[in-house]
């Protein structure tokens, strides 16, 4: 009986020691800054190509898909919450309703510069706990922004924006990750210089791919040696 009790005690001790060692080996999260670069496509849904038209939907993927590129600067306060700013250039396309008897319609172009700020939530860390060796992370975000509308003559050259989306990050290393971002944006009704749609806003879904780069942690400065005055 004594041998059984000793054996059970040794096994429990080894398990506790292993758990303590694993916990000690998991590094604590440290807040950090990161830079991001991504590019992709947008799909403009607004005046002229009104997909809610009573007679026929006039959204054409070939004439409503544009491109975009942007740079990002972000800061993760803890394993779950972060803040990210993005500055980007967007080239949009949109087609008017049919203007000829054969049903054809022309394609127009316009472009903007966008500045957005998003609140980020790392869903993987939120629901499954922080794990620095996790290869794939999923996040959700929501934010606000503004656009400068080049050559826009309707009301104003500046438009507001609300947005939300999801993001997947595959970590190549502790400092570098590949990301895929899906987001939806709602803007003011004069975004493409027209304002006669039944909706009070224009909608712009976007898909981008890119990379993020974790910035190195600032090293604390070594304290200066105290100067000793001569006697």
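Residue numbers (the numbering used here): 1369 to 1599. Beta carbons are placed, not taken as given, at the ideal position from N, Cα and C, and that holds for glycine. Fair warning: this is a prediction, and the values are worked out from it, not measured in the lab.
Taken through DSSP and simplified to helix, strand or coil, residue 1436 comes out as strand.
Under the three-state reduction of DSSP, residue 1477 is assigned to strand. Residue 1559 is positioned such that its CB atom lies closer than 8 angstroms to that of residue 1570. If you draw a 10 Å sphere on the C-beta of residue 1585, you find fewer than 16 other C-beta atoms in it, and that means exposed. Contact check between the region 1500-1510 and the region 1483-1492: three or more CB pairs, one atom from each, fall below 8 angstroms, which counts as touching. Checking the DSSP bridge columns, you'll see residue 1585 has no partner listed. Contact between residue 1518 and residue 1557 fails: their C-beta atoms lie close to 18 angstroms from each other, not under 8 angstroms. Rounded to the nearest whole angstrom, the CA to CA distance from residue 1402 to residue 1580 is 7 angstroms.
The beta-carbon separation of residue 1577 and residue 1406, rounded to 6 angstroms, stays under the 8 angstroms limit for a contact.
In terms of Cα proximity to residue 1526, the closest of 1410, 1481, 1572 and 1538 is 1481.
The C-beta distance from residue 1409 to residue 1435 rounds to 6 angstroms, short enough to meet the 8 angstroms contact threshold. Buried is the label assigned to residue 1493, since at least 16 other Cβ atoms lie within 10 Å of its Cβ. Classified as buried, residue 1440 has 16 or more neighbouring CB atoms from the shown chains inside 10 Å of its CB. Taken through DSSP and simplified to helix, strand or coil, residue 1518 comes out as coil. In chain order, 1579, 1580, 1581 and 1582 place their CB closer than 8 angstroms to the CB of residue 1544, counting only its own chain and leaving out the 5 sequence neighbours on each side.
DSSP places residue 1536 within a strand segment (E or B) once states are collapsed to three.
Around the Cβ of residue 1460, a 10 Å sphere holds 16 or more other Cβ atoms; the residue is buried. Note on geometry: alpha-carbon atoms of residue 1515 and residue 1456 lie some 9 angstroms from one another.
For the 8 angstroms CB-CB criterion, residue 1537 and residue 1505 form a contact.
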